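To keep things clear, I will list the structure first and then write my remarks on it.
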Amino acid sequence: MTYLVESLHYPFVQRALLCGVFIGACCALLGVFLVLRRLSLIGDGLAHVGLGAVGLGLLLNTQPLWVTIPLVMFASLWIIWLSDKADVYADAAIGLVSAVSAAAGIVMASAGRGFNVDLTSFLFGSIIAISPAEVFLSVILSLAVIITVCLFYNELFAIAFEEEYARVLGIPVDKINKLLILCTALTVSLGIRIVGTMLISSLIIFPAVSALQIARGFRWAMILAVIYSITSVALGVFVSFALNLPTGATIVLINFVFFVSAFLYRRIQ
Amino acid sequence: MNIVEVKKVCIRYGAIEAVCSVSLEVAAGDYVALVGPNGSGKTTLLKAMLNLLPLTEGAISLYGTPCRQFRDWNKIGYVPQVSRNLHKGFPATVKEIVASGLLSTKSIPRRISRQDAAAVEQAMETVGIADMGERLIDQSPGGQQQRVYLARAMVNNPDMLLLDEPTAAIDPATREQFYKTLCDVNRTGGKTVVLISHDAGHVGHYANKLAYLDKHLVFFGAFSDFCTSPEMTKYFGSHIQHLICGQHCSSEQAK
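Just so you know, the protein sequences line up as chains W and Z, in that order. In terms of the working numbering, the first sequence opens at residue 2 and continues consecutively. In terms of the working numbering, the second sequence opens at residue 426 and continues consecutively.
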């Protein structure tokens with residue numbers, strides 16, 4: 002316990018926790034809607050796009066986050082366009098856009114400074130190395146995502162339950178869908194710094210599926226997912242710091258433990 | 426006053442014709458049974474009325490407004506065709522589902538207030554699921570689920586209900602109860618009802634008009650006219666016509 006309190010004195014631990022809690026909350030809130038709509042792998046696809054964007058950022062020798070956010074958001078709209086207008090199935094559109102982006106990113110990173118430490122840190126995350134400016138940007142943008150989800154909670158709920166019925170209610174389904182995907186793109190761009198492109202989709206999927214195992218109502222599912230996510234991020238930071246483990250992977254494994262406990266709890270009930 | 430006017434509507438999916446040359450009107454207070462065999466275009470026509478499908482030809486108006494421009498969705502309650510396992514694992518309670526029907530009365534961003542709770546309770550009570558509010562939707566039996574969707578369609582007190590085979594997956598006793606509830610809603614509540622069903626004989630107990638669809642409109646008019654129409658005897662054969670109308674007549678006599 003003393004060790005935990007002591008570790009809180011380190012500025013990099015404070016930054017990791019602050020950033021992780023906000024991005025974790027975003028991932029959980031969006032995750033519930035994405036999982037229920039069978040869109041959970043869009044996080045994985047957009048993370049690959051993120052890798053491509055990081056490659057471009059490294060080639061341009063600029064802060065990767067500035068390149069990642071607009072490019073991942075653009076790619077998310079490209080996925081929607083492909084599945085809506087070009088009659089490509091949504092999962093195929095995700096695969097197509099993510100593969101092209103990741104390949105382009107790797108080529109650019111190689112043309113620039115090669116497959117170096119910087120790119121690897123984005124592959125596996127480096128929450129401990131996050132800068133104060135990145136924390137500031139992450140908190141502000143995460144707040145924007147959280148407020149958006151809260152404002153359009155009822156619309157997102159209605160669409161997740163039955164898209165066609167939501168249209169009959171007069172809900173602008175296409176616009177809300179775009180908003181959901183753009184929020185996901187923003188969250189993925191920010192989350193890459195925490196768990197990396199390889200594992201960001203797990204931060205979207207795990208808290209949601211754990212919550213869905215035991216929730217007794219939709220609001221409860223959202224609240225539980227946020228609790229799971231924030232707890233896993235906080236525990237992950239402390240455990241990885243104490244045991245000198247990679248933080249991103251530790252967060253994912255803690256989420257897996259939460260999922261197994263929720264699954265067993267449901268079976269026992 | 427006609428609430429729905431369908432004029433020479435054709436809907437095609439590529440080269441496949443779903444419905445064609447369909448014209449009909451639904452007046453306030455009507456109970457219209459839209460019947461026909463599988464693939465006859467019933468659901469297509471209903472979805473077109475709700476502006477969920479584009480028309481290839483013709484026009485549909487709701488309350489005198491072309492359905493493309495229609496915005497008063499709070500006047501219409503819709504019960505879609507829902508398969509039993511569609512919402513498996515969805516964590517919403519019955520109360521949350523019913524409350525979502527109120528969103529058509531709200532403007533962006535749509536909030537459901539504490540005052541709306543009374544409307545939700547009322548709708549649940551009307552369809553006989555007042556004690557199910559906290560139950561999860563996917564843990565409710567098929568018949569109860571249909572009542573939940575009916576409560577959701579009625580929660581904003583619409584003028585008209587459009588129902589797409591709401592009794593397809595439920596047992597005969599529950600189905601009968603569901604039809605009676607719907608009949609009360611029409612006769613006592615004064616709501617217009619358009620109901621799709623495979624079971625012309627059964628809905629004939631309650632509907633005052635029958636629309637028989639088989640890609641084109643075979644018959645549209647009062648149920649009693651359907652039963653006495655020589656054209657319909659020729660189309661269906663006297664045995665089938667008797668099966669459909671026999672139940673209708675017996676229910677009329679019972680009254």
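In this text, a Cβ means the ideal position worked out from N, Cα and C, and glycines have one as well. This structure is a prediction, so every number in the text was calculated from the model and none was measured.
Check, Outcome
"Going straight from the alpha carbon of Val227(W) to that of Gly514(Z), what length do you get?", "19 Å"
"Looking at the structure shown, is Tyr488(Z) part of a helix, part of a strand, or coil, going by DSSP?", "coil"
"So which residues on chain W does Ala517(Z) lean against when the C-beta distance must stay under 8 Å?", "Phe158, Phe162, Gly218 and Phe219"
"Among the candidates Ile441(Z), Tyr574(Z) and Gly454(Z), whose CA atom is the shortest distance from the CA of Asp609(Z)?", "Gly454(Z)"
"Anyone know if the C-beta pair for Ala555(Z) and Asp541(Z) falls short of 8 Å?", "no"
"Apart from the five residues just before and just after Cys184(W), which ones in its own chain have a Cβ nearer than 8 Å to its Cβ?", "Cys27, Leu31, Val146, Thr149 and Val150"
"Looking at the structure shown, is Met199(W) part of a helix, part of a strand, or coil, going by DSSP?", "coil"
"On the DSSP letters alone, give me the boundaries of the alpha helix (DSSP H) that Leu274(W) sits inside.", "Missing from the structure shown is residue 274(W); chain W here goes from 2 to 270 and no further."
"For the putative contact between Val189(W) and Gly249(W), defined by C-beta atoms under 8 Å, what is the C-beta separation to the nearest angstrom?", "Going by Cβ atoms, the distance from Val189(W) to Gly249(W) rounds to 14 Å, so no, they are not a contact pair."
"Taking the C-alpha atoms as reference points, what is the distance between Val431(Z) and Cys492(Z)?", "10 Å"
"Under the three-state reduction of DSSP, which class applies to Arg437(Z): helix, strand or coil?", "strand"
"Need the endpoints of the beta strand (DSSP E) that Thr617(Z) sits in, please.", "Thr617 to Ser622"
"Are the beta-carbon atoms of Cys20(W) and Ile128(W) separated by less than 8 Å?", "yes"
"In the segment 165-188 of chain W, which residues sit with their C-beta less than 7 Å from some C-beta in chain Z, listed in chain order?", "Glu165, Tyr166, Arg168, Val169, Leu170, Gly171 and Ile172"
"Spatial neighbours of Tyr574(Z) within its chain, please: CB distance less than 6 Å, with the 5 preceding and 5 following residues excluded, ordered by chain position.", "Val504"
"So who's on the other strand from Met585(Z), going by DSSP bridges?", "Ile501(Z) and Thr617(Z)"
"CB-CB under 6 Å to Met57(W), same chain, minus the five flanking residues each way: which ones, in chain order?", "At residue 57(W) the sequence reads Leu, which differs from the Met that was named. Correct list, in chain order: Val68 and Met109."
"Once you ignore the five residues that flank Leu246(W) on each side, which residues in its own chain have a CB closer than 8 Å to its CB?", "Val240"
"Express the C-alpha separation of Ala103(W) and Ala29(W) in angstroms, rounding to a whole number.", "25 Å"
"May I have the straight-line CA-CA distance separating Ile95(W) from Lys433(Z), to the nearest angstrom?", "41 Å"
"Does the segment 585-605 of chain Z come into contact with the segment 637-652 of chain Z, if we say contact requires no fewer than three beta-carbon pairs (one atom in each stretch) closer than 8 Å?", "no"
"Do the CB positions of Val457(Z) and Lys634(Z) come within less than 8 Å of each other?", "yes"
"Can at least three beta-carbon pairs, one atom from the segment 494-501 of chain Z and one from the segment 547-561 of chain Z, be found at a separation below 8 Å?", "no"
"How many Å lie between Leu61(W) and Phe162(W) at the Cα?", "43 Å"
"With distances taken from CA atoms, which of Glu450(Z), Val429(Z), Ser448(Z) and Leu480(Z) is nearest Gly439(Z)?", "Leu480(Z)"
"Buried or exposed, going by whether 16 or more other CB atoms sit within 10 Å of the CB of Ala452(Z)?", "exposed"
"Measure from the alpha carbon of Pro534(Z) to the alpha carbon of each residue in Phe158(W), Ala112(W), Lys86(W) and Ile70(W), then state which is nearest.", "Phe158(W)"
"Going along the chain, which residues of the segment 458-478 of chain Z sit with their C-beta nearer than 7 Å to a C-beta in chain W?", "Leu475 and Leu477"
"Bridge partners for Glu559(Z) per DSSP, in chain order?", "Note: Glu559(Z) sits in no beta bridge, so no partner."
"Taking 8 Å as the threshold (beta carbon to beta carbon), is Lys680(Z) in contact with chain W?", "Low confidence applies to Lys680(Z): its pLDDT is 39, below 50, so where it sits in the model is not reliable, and the reading given next is rough at best. Answer no: the Cβ-Cβ gap between Lys680(Z) and chain W never drops below 8 Å."
"In chain W, which residues lie less than 9 Å from His664(Z) when you measure between Cβ atoms?", "Result: empty, since nearest Cβ-Cβ is about 38 Å, beyond 9 Å."
"Here's a check: name, in chain order, each residue in its chain whose Cβ is nearer than 8 Å to the Cβ of Ala679(Z), leaving out the five neighbours to either side.", "For Ala679(Z), the predicted structure reports a pLDDT of 38, less than 50, and the residue's modelled location is therefore unreliable. A value from the coordinates is still provided. Contacts found: none."
"When burial is assigned at 16 or more other CB atoms within 10 Å of the CB, is Glu656(Z) buried or exposed?", "exposed"
"Pick out whichever of Gly567(Z), Asn611(Z), Gly568(Z) and Thr518(Z) has its Cα sitting closest to the Cα of Arg560(Z).", "Thr518(Z)"
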